[in-house]
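J.:
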Amino acid sequence: MADTVPVVCFPPVETENAHDRLKNLAEKFEKKFGCKPEFFGRAPGRVNLIGEHIDYCGYSVLPMAIEQDVVIAVATTESQDILLSNVKSDLYSDFLFHVNNVEINKETPQWQNYFQCGFLGMVEHLHIQSAVRGMKCMVDGTVPASSGLSSSSALVCCAALVTMHANGKSLPKNVLADLCARCEQYIGTQGGGMDQAISFMAQKGTAKLIEFNPLRATDVYLPDGISFVISNSCVEMNKAATSEFNTRVVECRIATQILAKQSGLEWEKFQRLGQVQRALNVSLPQAVDLVRKTLHEEPYTRAEVCQILGIKEEDFVSTVLSARTAQVQSFKLFQRATHVFSEAGRVLSFKRICEETDSEAPQKLGTLMNQSHTSCRDMYECSCTDLDSLVNICMEAGALGSRLTGAGWGGCAVSMVPTHDVMNFLVKVKKNFYDKHPSKAGKVGAALFATQPGSGALIYLPSTA
Ligand code: ADP
Ligand code: NG1
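Residue numbers (our numbering): 1414 to 1878.
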């Protein structure tokens, strides 16, 4: 039977504080729209334990869902309008659109555009353009925005989920994840499918190895005695509003095509580093060697790339570059490809260590996390000064491993800490990082917290009691 998103009754009062959250949201909804919500959708954010910037290269990643999520309360309507309201109304203004008039602003994306990505992706998938139902929606998100914990994907996934349910349909989780990965790209970023996959396929108590093409999620049980702590550098980076993210995607694509061409493959057929590695039938360490032998460390100019691939600059711009990267002049191919192949290897090692009964497992996992951060910082250049300093402070505070998580250039670090030492760790990180930055000290409550593998997306029906 297809694995669909669970539809459950409003959480019982005694079990979860989710009950109070939904009750409050229902009250706000009724005050705003003058009717009760018919149902709620919920999609979580995630923390990626290891495997950064490799999902869009075709490689497996190892995230877990977090408790923070996006919940949307919904009432369906006879009109074909979508009325959006947000609990954080100071940040996110009300918005109204007709179901057949969706305009996504890729230049300066607004919050409603992320909702529209999920909405449009679902409407297109179900082919219900002419019959799609109107909705009144109130959004309540607790994932910190632009911090590497996938607030945008939680919103896109939740929007697709409520659109599906409002229109009386049910789709398997892997189909939902694939379609949300594609439709989040309507915002203009060319990310992979990690965030959407874990948001739908997560299960409480286990991290997941997410593999792509085809999409699969395998349980990864973490060793006993360790906990994961998230700390937010409080530097925000919106990946859709800047060109950094897409530039990395493009650099990986160019590295793919040059490696393919110089290895005698039909380079036009290759888009992802993973495809080239598989076509050459080489191991990941051999792929790292191939990069060392084939690519040079100095940045490549456009002219050099065109000359190697044997194409004109206008063809390069139209077929290899993307809208947000059309102006980029030089490309660090050696560094980006070295990061991707070595990081893909670290993910597999991480999973293997979790499967072994090895008393040294926590230390070994910590070492992999540290290597991952070094590679993100030096080879992929997706960290920033505050985040590097936070990672160092986390290590000094007793972490076995610490690294940036998510897209980077700011956002969060994830640290692996002996469970018995978590309180001590939190105190030291607060003192040595947050208390030293007046602008961040007030945010420490929401910025520094231990986390556990959480559950995936859900539909809640209000209780009839
Ligand atoms: P992330 O790395 O968290 O996915 P992005 O920078 O890609 O962050 O996207 C963040 C954007 O997502 C925000 O600027 C906002 O437009 C939207 N967003 C995130 N959380 C919410 C929320 N609770 N309500 C409305 N919009 C949200
Ligand atoms: P976040 O941290 O949510 O911005 C982004 C991409 C992921 C992945 C990571 C880096 C999107 C929606 N998300 O995540 O696919 O590439 O960066 O590992 O593009």
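Glycine included, each C-beta is placed from N, C-alpha and C at the ideal position. Because the structure is a prediction, the values reported are computed rather than measured.
Looking at C-beta atoms only, is the number of pairs between the region 1480 to 1493 and the region 1693 to 1713 that lie closer than 8 angstroms three or more?
T.: No, because fewer than three Cβ pairs between the region 1480 to 1493 and the region 1693 to 1713 fall closer than 8 angstroms, the two stretches do not touch.
J.: Counting only the same chain and skipping the five closest in sequence on each side, list residues whose C-beta sits under 8 angstroms from that of residue 1531.
T.: Taking the sequence shown and counting its residues from 1, the one referred to as residue 1531 is at position 118. 1568, 1569, 1570, 1571, 1572, 1573, 1574, 1576, 1593, 1596 and 1597.
J.: Tell me the DSSP secondary structure of residue 1555 in three-state form.
T.: If you number the sequence shown from 1, residue 1555 lands on position 142. Note: residue 1555 maps to coil in three-state DSSP.
J.: Looking at C-alpha atoms only, which residue of 1874, 1434, 1509 and 1855 is the closest neighbour of residue 1645?
T.: Within the sequence shown, residue 1645 is the residue found at index 232, counting from 1. Comparing Cα positions, the closest option is 1855.
J.: Would a C-beta distance cut-off of 8 angstroms place residue 1781 and residue 1814 closer than the cut-off?
T.: Looking up residue 1781 in the sequence shown gives position 368. Looking up residue 1814 in the sequence shown gives position 401. Yes, Cβ-Cβ distance for residue 1781 and residue 1814 is below 8 angstroms.
J.: For the beta strand (DSSP E) containing residue 1814, name the first residue and the last one.
T.: As a first step, residue 1814 is located in the sequence shown; it is residue number 401 there, counting from the start. Unbroken beta strand (DSSP E) run through residue 1814: 1814 to 1817.
J.: Nearest CA to the CA of residue 1812: which residue from 1499, 1525, 1643 and 1853?
T.: One-based indexing of the sequence shown puts residue 1812 at position 399. If we check each option's Cα against that of residue 1812, 1643 comes out closest.
J.: I need the boundaries of the alpha helix (DSSP H) containing residue 1671, first residue and last residue.
T.: Along the sequence shown, one-based indexing puts residue 1671 at 258. Taken as a continuous stretch (DSSP letters only), the alpha helix (DSSP H) holding residue 1671 covers 1657 to 1675.
J.: Pick from 1675, 1522, 1554 and 1550: whose alpha carbon is nearest that of residue 1448?
T.: To locate residue 1448, count along the sequence shown from 1; it is residue 35. Closest by alpha carbon: 1550.
J.: Measuring CA to CA, which of 1725, 1736, 1692 and 1749 is closest to residue 1708?
T.: Within the sequence shown, numbered from 1, the residue matching residue 1708 stands at position 295. Checked all of 1725, 1736, 1692 and 1749; the closest Cα to residue 1708 is 1749.
J.: Tell me the DSSP secondary structure of residue 1739 in three-state form.
T.: As a first step, residue 1739 must be located in the sequence shown, where it is residue number 326. It is coil, neither helix nor strand.
J.: Check whether the region 1448 to 1458 touches the region 1604 to 1617, taking contact to mean three or more Cβ pairs, one atom from each stretch, closer than 8 angstroms.
T.: Yes: the two stretches touch, three or more of their Cβ pairs being nearer than 8 angstroms.
J.: Is the CB-CB distance between residue 1870 and residue 1641 below 8 angstroms?
T.: Walking along the sequence shown from the start, residue 1870 turns up at place 457. Walking along the sequence shown from the start, residue 1641 turns up at place 228. No, Cβ-Cβ distance for residue 1870 and residue 1641 is not below 8 angstroms.
J.: Taking all protein chains shown into account, decide if residue 1529 is buried (16 or more other Cβ within 10 angstroms of its Cβ) or exposed.
T.: Numbered from its first residue, the sequence shown carries residue 1529 at position 116. Buried, since its Cβ has 16 or more Cβ neighbours within 10 Å.
J.: Short of 7 angstroms in beta carbon distance, which residues of its chain neighbour residue 1832, apart from the five on each side in sequence? Order them along the chain.
T.: For the purposes of this step, residue 1832 is taken as residue 419 along the sequence shown, with counting starting at 1. Only 1638, 1639 and 1640 meet the Cβ criterion.
J.: Given residue 1579, which residues of its chain have a CB within under 7 angstroms of its CB, disregarding the five upstream and five downstream residues?
T.: In the sequence shown, the residue the question calls residue 1579 occupies position 166. 1487, 1489, 1546 and 1548, listed in sequence order.
J.: Can you give the beta carbon distance from residue 1760 to residue 1475, rounded, assuming they're within the 8 angstroms contact cut?
T.: Looking up residue 1760 in the sequence shown gives position 347. Looking up residue 1475 in the sequence shown gives position 62. Indeed, because the Cβ distance is near 5 angstroms, the residues count as touching under 8 angstroms.
J.: For residue 1416 and residue 1673, what's the separation of their Cα atoms in angstroms?
T.: For this step, residue 1416 is matched to residue 3 along the sequence shown. For this step, residue 1673 is matched to residue 260 along the sequence shown. Cα-Cα distance, rounded: 38 angstroms.
J.: Whole angstroms are fine: how far does the CA of residue 1630 sit from the CA of residue 1624?
T.: In the sequence shown, the residue the question calls residue 1624 occupies position 211. In the sequence shown, the residue the question calls residue 1630 occupies position 217. So the alpha carbons of these two residues sit roughly 6 angstroms apart.
J.: Could you compute how far the alpha carbon of residue 1924 sits from the alpha carbon of residue 1649?
T.: Since the first residue of the chain shown is 1414 and the last is 1878, residue 1924 is not available in this structure.
J.: Tell whether a beta-carbon distance below 8 angstroms holds between residue 1874 and residue 1423.
T.: In the sequence shown, the residue the question calls residue 1874 occupies position 461. In the sequence shown, the residue the question calls residue 1423 occupies position 10. Yes, the pair counts as a contact, with Cβ atoms nearer than the cut-off.
J.: Quick check: is any heavy atom of the ligand NG1 less than 7 angstroms from the C-beta of residue 1773?
T.: If you number the sequence shown from 1, residue 1773 lands on position 360. Not so, every heavy atom of the ligand NG1 lies at least 7 angstroms from the Cβ.
J.: Given this structure, state the Cα-to-Cα distance separating residue 1723 from residue 1740, to the nearest angstrom.
T.: Taking the sequence shown and counting its residues from 1, one reaches residue 1723 at position 310. Taking the sequence shown and counting its residues from 1, one reaches residue 1740 at position 327. Rounded to the nearest angstrom, the two C-alpha atoms are 20 angstroms apart.
J.: Have a look at residue 1867 and residue 1710 and give me their C-alpha separation to the nearest angstrom.
T.: Taking the sequence shown and counting its residues from 1, one reaches residue 1867 at position 454. Taking the sequence shown and counting its residues from 1, one reaches residue 1710 at position 297. The alpha-carbon atoms of residue 1867 and residue 1710 are separated by roughly 41 angstroms.
J.: Helix, strand or coil for residue 1760? Go by DSSP, reduced to three states.
T.: Within the sequence shown, numbered from 1, the residue matching residue 1760 stands at position 347. The answer is helix: DSSP assigns residue 1760 an H, G or I state.
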